[in-house]
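The sequence shown runs 639 to 826 under my numbering. Here is the structure we will look at, set down as structure tokens.
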Amino acid sequence: MHQYKGKLIIHTGSMFSGKTSSLEKDVKRFNIAGYKTVAFKPSVDTRYPKSEIRTHDNTTLNAVMVNNIIEICEYCKGYNPDVIAIDEVQFLGGNIQDIVGAINKFLEKGITVVLAGLDMDFTGQAFEIVKELMPIADYLYKHHAVCAKCGTDAWISHRKTKAQERIVIGATDEYEPLCRKCFLEEIK
Ligand SMILES: [Zn+2]
């Protein structure tokens, strides 16, 4: 792992696919390898106690709550990490150019950036920031939950409620992972 300098690692996929667990595992491995790490999460994710990243498997990682990319840059100026992790990056505030620009600057400085984020919303539309970042990743992992209807690899987080807003924070009460075929049948 000592080769990881200035690498962009992205974990994406639907809800319940293990993105956050993978980010957490990466950070723990970097810690063991002696890297100075810091993890951030957007404050819009109010599901769990502040200053923790909690996975759906209930493991946790300490995290700094932020509203936008500017707060991440400010924090890192004083802290000088080797590795920056950002969970739920699709919720991060700031315009897309600023986020991509800031991440590129970290990478150019030799800082490794580990991101976890949803690729698509509940309708199948890409989250723009994840769409912009995926092609510039050094390592891109698409994770899969299990389709709640048929048991194959899931493709999307299907919203079970009627809410139409793009961002509704929730877990299994609100969302279920579905494969493309079951999703298309469900929305017919
Ligand atoms: Zn299915």
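Cβ coordinates follow ideal geometry from the N, Cα and C atoms, glycine included. Just so you know, these numbers come straight off a predicted model, no measurement behind them.
Could you tell me the distance, in whole angstroms, from the CA atom of residue i to the CA atom of residue j?
i	j	result
Q735	P773	15 Å
C817	K715	42 Å
E638	M758	Because the chain here runs from 639 to 826, residue 638 falls outside it and cannot be looked at.
G731	G755	13 Å
T790	L822	14 Å
S795	E812	9 Å
I613	I741	Any question about residue 613 goes unanswered here, given that the chain covers just 639 to 826.
V751	G739	13 Å
Q641	Y717	21 Å
T761	K798	12 Å
K800	V806	11 Å
V784	K657	13 Å
A701	Q763	28 Å
M875	S681	With the chain running from 639 to 826 in the structure shown, residue 875 is simply not present.
S660	F668	12 Å
G748	P719	10 Å
I647	A677	14 Å
K743	N733	16 Å
E824	G644	42 Å
C820	S655	17 Å
A786	A792	8 Å
K826	E712	47 Å
Label residue i either buried or exposed according to how many other C-beta atoms from any shown protein chain fall within 10 Å of its C-beta, with 16 as the threshold for buried.
i	result
K679	buried
I710	buried
E814	buried
K666	exposed
C788	exposed
E726	buried
I737	buried
T810	exposed
E662	buried
T650	buried
Q802	exposed
For ligand 1, any of its heavy atoms closer than 6 Å to the Cβ of residue i?
i	result
K787	yes
C714	no
C817	yes
C820	yes
T790	yes
Just to confirm, does residue i get its C-beta within under 6 Å of one of the non-hydrogen atoms of ligand 2?
i	result
S795	Among the ligands present in this structure, namely ligand 1, ligand 2 is not found.
Between residue i and chain B, is the shortest Cβ-Cβ distance under 7 Å, so that the two count as touching?
i	result
E823	Looking for chain B here will not work: only one protein chain is present.
Inset, instruction - Could you tell me whether the segment 769 to 789 touches the segment 661 to 679, using the rule of 3 or more Cβ pairs below 8 Å? - result: no
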